[in-house]
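**Student:** Okay, here's the structure, questions in a sec.
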Amino acid sequence: MSSPLSETFAAVDLGSNSFHMVVAKLEDGQVRVIDRLKDMVRIASGLDRDNNLTAEATTRALESLRQFGQRIREIPRTNVKAVGTNTLRLAHNGNEFIRRARAALGHNIDIISGREEARLVFLGVAHSVYNHNGASLVIDIGGGSTELVIGKGFQPHLAESLYMGCVNVSQRFFADGAITGKRLRKAILFALGELETIAAEYRRRGWDTVLGSSGTMRAIADVAMAQGWSEAGITRAAVERLGARLISAGHHDKLDLEGLSERRKPVFAGGVAVLSAIMEALDLDQIQVTDGALREGIIYELIGRRRNQDIRKSTVTDIALRYNVDREQADKVAASAANLFEQVRKRWRFDDSDRDTLLWAAQLHEIGLAIAHAQYHRHGAYLLSYSDMPGFSRQEQQHLSLLVRAHRRKFPLLEFDQATLENQRTLQHLAVLLRLSCILNRSRSYSAPPDIKASANADTLSLKFLKGWLDNHALTRADLEAEALYLQALEFTLRFG
760 MSSPLSETFA
770 AVDLGSNSFH
780 MVVAKLEDGQ
790 VRVIDRLKDM
800 VRIASGLDRD
810 NNLTAEATTR
820 ALESLRQFGQ
830 RIREIPRTNV
840 KAVGTNTLRL
850 AHNGNEFIRR
860 ARAALGHNID
870 IISGREEARL
880 VFLGVAHSVY
890 NHNGASLVID
900 IGGGSTELVI
910 GKGFQPHLAE
920 SLYMGCVNVS
930 QRFFADGAIT
940 GKRLRKAILF
950 ALGELETIAA
960 EYRRRGWDTV
970 LGSSGTMRAI
980 ADVAMAQGWS
990 EAGITRAAVE
1000 RLGARLISAG
1010 HHDKLDLEGL
1020 SERRKPVFAG
1030 GVAVLSAIME
1040 ALDLDQIQVT
1050 DGALREGIIY
1060 ELIGRRRNQD
1070 IRKSTVTDIA
1080 LRYNVDREQA
1090 DKVAASAANL
1100 FEQVRKRWRF
1110 DDSDRDTLLW
1120 AAQLHEIGLA
1130 IAHAQYHRHG
1140 AYLLSYSDMP
1150 GFSRQEQQHL
1160 SLLVRAHRRK
1170 FPLLEFDQAT
1180 LENQRTLQHL
1190 AVLLRLSCIL
1200 NRSRSYSAPP
1210 DIKASANADT
1220 LSLKFLKGWL
1230 DNHALTRADL
1240 EAEALYLQAL
1250 EFTLRFG
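Residue 760 is where the sequence shown starts when you use this note's numbering, and the numbers rise one by one after that.
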């Protein structure tokens, strides 16, 4: 029988305006939220001119994460996922912040791409809408970015993330707090410019329902309904009246609107400008505001992985198909890698996520052949670095890219040293296993690879073949001898016989 904590999940969203945490339990197949925490940290306003997080912003963020960390300390690590969004994507010193933030929270923090953020937002919203079968347009105006997604059911079909949000637009056009008609229109025109490249495609796709997500949309809806401008959700007329009220107030400190919190006031005009532009560009009259958001999407993602419904598996399969990977060869390499992995797992302190990373890299190690045979390991690494990969964080993509880059020829020590890795040696060990698996299957033979016994210590791997096998496979022996020389650069010893 599973313990109560094994059915408890937590999602932490390090947003550009607010940090959020949701704790939920899985009970009889249903998700029940048992706790929510929110802290308006507003780290987007803590970026200096060089896009570095200031010491003050970092201090605020770390204190918030320490409080979050206390709440989730006893939840199993595999049931917790924390993600950073637009501001941490932009911050030049983001890696240093993530190192300190990880220690404060007590859990890893993944930086996700804009489109991955959009996918997770859609997943959270889709689960919050009861039995809606039509196509939905989901809009999430965050602190530093805005996500727009069209999808059906739980599947997004069109997703974009635009660099405009309530914080950065407020900083750009209302930095001193003053709100004028001219400034508001400039802010709206800026947002319309960001929308220009996607608006026609979105209108062409169409939708049945428009759904708004997260704090800005909720704040605008609360004000509109409190003023009696809207009975439910947000209407275009209500947003126009809201814009007029902002101008008449003249400054965010003078905003006197029922339903608007004091902490929201400094970034409210920027959020209204972005929403005005969206409604104008997409010709929207009504938006229904939902409870689902990025953090709920993360919760459902974690539960899906528990149920063996990991979208990352589908992503790997799709990429392999896109680049016409030799699936039979990839499966052979993956099988050899899995065999070696299980034999050294305990000694090298691997976990299940390491196994996934290794096997996905094995499935994708030849994608670079779609570009050219020469240096195809470099081409493959490039494709994995810059492709949209639903379900993968930036760090996970980096790990796959490094493994594919390292699977043949000279070991790329410089690339490993330049990467931000929590445990560089673990990834190097995975690279060794992938390299050896490729060597063992280099002949692309239909026969099964040899039965090998593997043993390891920190800096050594020993392979024992059946008696006489290497004598009958001179090319494999030569490849292993060459590999032993390559691995010396790692201060790593390969033994075989």
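Just so you know, even glycine gets a beta-carbon here, dropped at the ideal spot from N, CA and C.
Taking just the CA atoms, how far does P835 sit from M760?
**Tutor:** Indexing the sequence shown from 1 puts residue 760 at position 1. Indexing the sequence shown from 1 puts residue 835 at position 76. Reliability of the predicted coordinates at M760 is poor, the pLDDT of 44 falling under 50, and the value obtained from them is presented with this limitation in mind. C-alpha separation (whole angstroms): 16 Å.
**Student:** So what's T813 in DSSP terms, helix, strand or just coil?
**Tutor:** Residue mapping note: residue 813 aligns to position 54 of the sequence shown, counting from 1. T813 falls in the coil class under three-state DSSP.
**Student:** Identify the continuous alpha helix (DSSP H) that holds G1002 and give its terminal residues.
**Tutor:** Walking along the sequence shown from the start, residue 1002 turns up at place 243. Its alpha helix (DSSP H) spans residues R995 to A1008.
**Student:** According to DSSP, is G910 part of a helix, a strand, or is it coil?
**Tutor:** On the sequence shown, position 151 is the one that residue 910 refers to. Strand at G910.
**Student:** Can you give me the C-alpha to C-alpha distance between L1225 and I871, rounded to a whole angstrom?
**Tutor:** In the sequence shown, counting from the first residue as 1, residue 1225 sits at position 466. In the sequence shown, counting from the first residue as 1, residue 871 sits at position 112. If you take the alpha carbons of L1225 and I871, they lie about 46 Å apart.
**Student:** Kindly indicate if chain D contains any beta-carbon less than 9 Å away from that of F1251.
**Tutor:** The structure shown contains no chain D; it holds only a single protein chain.
**Student:** What does T1219 pair with, by DSSP beta-bridge criteria?
**Tutor:** Stepping through the sequence shown from its first residue, residue 1219 is reached at position 460. In DSSP, T1219 forms a bridge with N1216 and T1252.
**Student:** Along the chain, where does the beta strand (DSSP E) that runs through K945 open and close?
**Tutor:** In the sequence shown, residue 945 corresponds to position 186, counting from 1. Counting along the chain, K945 falls outside any beta strand (DSSP E), though it belongs to the alpha helix (DSSP H) covering G940 to R964.
**Student:** Could you tell me the alpha carbon to alpha carbon distance between L796 and A1036, rounded to whole angstroms?
**Tutor:** Here residue 796 corresponds to residue number 37 of the sequence shown, with the count starting at 1. Here residue 1036 corresponds to residue number 277 of the sequence shown, with the count starting at 1. Going from the Cα of L796 to the Cα of A1036 covers about 31 Å.
**Student:** Between L1061 and the ligand PLP, is the CB less than 8 Å from at least one heavy atom?
**Tutor:** In the structure shown, the ligand PLP is absent, as is every other ligand, since no ligand is present at all.
**Student:** Quick check on the DSSP output: the alpha helix (DSSP H) that includes H984 runs from which residue to which?
**Tutor:** Walking along the sequence shown from the start, residue 984 turns up at place 225. The sequence given here places Met at residue 984; His does not occur at that position. S973 to A985 is the span of the alpha helix (DSSP H), which, as asked, contains M984.
**Student:** Are the CB atoms of A946 and A1032 within a distance shorter than 9 Å?
**Tutor:** Residue mapping note: residue 1032 aligns to position 273 of the sequence shown, counting from 1. Residue mapping note: residue 946 aligns to position 187 of the sequence shown, counting from 1. In this structure, A946 lies closer than 9 Å to A1032 by Cβ.
**Student:** Is D935 helix, strand or coil by DSSP?
**Tutor:** Against the sequence shown, residue 935 aligns to sequence position 176. Here D935 sits in coil by DSSP.
**Student:** Buried or exposed: where does W1228 fall if 16 or more other Cβ atoms within 10 Å of its Cβ makes it buried?
**Tutor:** For the purposes of this step, residue 1228 is identified with residue 469 of the sequence shown, where counting begins at 1. Result: exposed.
**Student:** Between which two residues does the alpha helix (DSSP H) harbouring I1057 extend?
**Tutor:** By one-based count along the sequence shown, residue 1057 stands at place 298. Run containing I1057: L1053 to R1065, per the alpha helix (DSSP H) assignment.
**Student:** Taking Cβ positions, are S989 and A1052 nearer each other than 9 Å?
**Tutor:** Residue numbering aside, residue 989 sits at position 230 when the sequence shown is read from its first letter. Residue numbering aside, residue 1052 sits at position 293 when the sequence shown is read from its first letter. Not in contact: S989 and A1052 (Cβ atoms no closer than 9 Å).
**Student:** Helix, strand or coil for L773? Go by DSSP, reduced to three states.
**Tutor:** Position 14 of the sequence shown, counted from the start, is the residue given in the question as residue 773. DSSP places L773 in strand when its eight states are reduced to three.
**Student:** According to DSSP, is D967 helix, strand or coil?
**Tutor:** Locating residue 967 in the sequence shown gives position 208, where the first residue counts as 1. D967 falls in the coil class under three-state DSSP.
**Student:** Identify the continuous alpha helix (DSSP H) that holds H1136 and give its terminal residues.
**Tutor:** Within the sequence shown, the letter at position 377 stands for residue 1136. Where H1136 is concerned, the enclosing alpha helix (DSSP H) stretches over Y1135 to Y1145.
**Student:** Taking only the alpha-carbon atoms, compute the straight-line gap between A985 and D1015 and give it to the nearest angstrom.
**Tutor:** Stepping through the sequence shown from its first residue, residue 985 is reached at position 226. Stepping through the sequence shown from its first residue, residue 1015 is reached at position 256. Between A985 and D1015, the C-alpha separation is close to 12 Å.
**Student:** Output the boundary residues of the alpha helix (DSSP H) element that contains H1158.
**Tutor:** Position 399 of the sequence shown, counted from the first residue, corresponds to residue 1158. It spans R1153 to R1164 - the alpha helix (DSSP H) in which H1158 sits, taken as one unbroken run.
**Student:** Using C-beta distances below 8 Å, list every residue in its chain close to E1060, excluding the 5 sequence neighbours before and after it, in chain order.
**Tutor:** Position 301 of the sequence shown, counted from the first residue, corresponds to residue 1060. Closer than 8 Å at Cβ, skipping near neighbours: K840, L879, L882, I1070 and G1150.
**Student:** For R801 and N776, which I take to be in contact (beta-carbon distance under 8 Å), what is that distance rounded to the nearest angstrom?
**Tutor:** Mapped onto the sequence shown, residue 801 falls at position 42. Mapped onto the sequence shown, residue 776 falls at position 17. Confirmed, about 6 Å.
**Student:** Within 10 Å of its beta-carbon, does V792 have 16 or more other beta-carbons around it, so buried, or fewer, so exposed?
**Tutor:** Here residue 792 corresponds to residue number 33 of the sequence shown, with the count starting at 1. Counting Cβ neighbours within 10 Å, V792 comes out exposed, since fewer than 16 surround it.
**Student:** In its own chain, which residues sit with a C-beta less than 7 Å from the C-beta of N811, not counting the 5 before and 5 after it?
**Tutor:** Residue 811 sits at position 52 when you count from the first residue of the sequence shown. Result list for N811: A850, H851 and N852, in chain order.
**Student:** Using CA atoms only, rank isn't needed, just tell me which of K1013, D1050 and T818 is closest to H886.
**Tutor:** Your numbering for residue 886 matches position 127 in the sequence shown. Comparing Cα-Cα distances from H886 to each of K1013, D1050 and T818, the minimum goes to D1050.
**Student:** Would you tell me roughly how many angstroms separate the C-alpha atoms of S1007 and F913, rounded to the nearest one?
**Tutor:** In the sequence shown, the residue the question calls residue 1007 occupies position 248. In the sequence shown, the residue the question calls residue 913 occupies position 154. Roughly 42 Å between the two C-alpha positions.
**Student:** Could you tell me which residues DSSP puts in a beta bridge with M780?
**Tutor:** To locate residue 780, count along the sequence shown from 1; it is residue 21. BP columns for M780 point to V771 and L796.
**Student:** If you draw a straight line from the alpha carbon of Y961 to that of I909, how long is it in whole angstroms?
**Tutor:** Working through the sequence shown from its first residue, we reach residue 961 at position 202. Working through the sequence shown from its first residue, we reach residue 909 at position 150. The alpha-carbon atoms of Y961 and I909 are separated by roughly 8 Å.
**Student:** When the Cα atoms are used, what is the spatial distance from G1063 to L1244?
**Tutor:** Indexing the sequence shown from 1 puts residue 1063 at position 304. Indexing the sequence shown from 1 puts residue 1244 at position 485. So the two alpha carbons sit approximately 43 Å from each other.
**Student:** Among the residues of its own chain, which have a CB less than 8 Å from the CB of L806, if the five just before and after it don't count?
**Tutor:** Walking along the sequence shown from the start, residue 806 turns up at place 47. Correct list, in chain order: L812, T813, A816, T846, L849 and A850.
**Student:** Look at the Cβ atom of V771, then the Cβ atom of H866, and state whether they are nearer than 9 Å.
**Tutor:** Numbered from 1 along the sequence shown, position 12 holds the residue referred to as residue 771. Numbered from 1 along the sequence shown, position 107 holds the residue referred to as residue 866. Yes; because the gap between Cβ atoms is below 9 Å, this pair is in contact.
**Student:** Take the Cβ of E953 as the centre, count every other Cβ of all protein chains shown within 10 Å, and call the residue buried at 16 or more, exposed below.
**Tutor:** Numbered from 1 along the sequence shown, position 194 holds the residue referred to as residue 953. Its Cβ being crowded by 16 or more others within 10 Å, E953 is buried.
**Student:** Skipping 5 residues on each side, what residues in its chain have a beta carbon closer than 7 Å to that of A1129?
**Tutor:** By 1-based counting over the sequence shown, the position of residue 1129 is 370. Here the set comprises Y1082 and N1083.
**Student:** Could you name the residues of the same chain whose beta carbon sits closer than 7 Å to that of L1118, not counting the 5 residues immediately before and after it, in chain order?
**Tutor:** In the sequence shown, the residue the question calls residue 1118 occupies position 359. Here the set comprises A1093, A1096 and A1097.
**Student:** Measure the alpha-carbon distance for G1029 versus T975 and round it to whole angstroms.
**Tutor:** Within the sequence shown, residue 1029 is the residue found at index 270, counting from 1. Within the sequence shown, residue 975 is the residue found at index 216, counting from 1. The straight-line gap from Cα to Cα measures roughly 9 Å.
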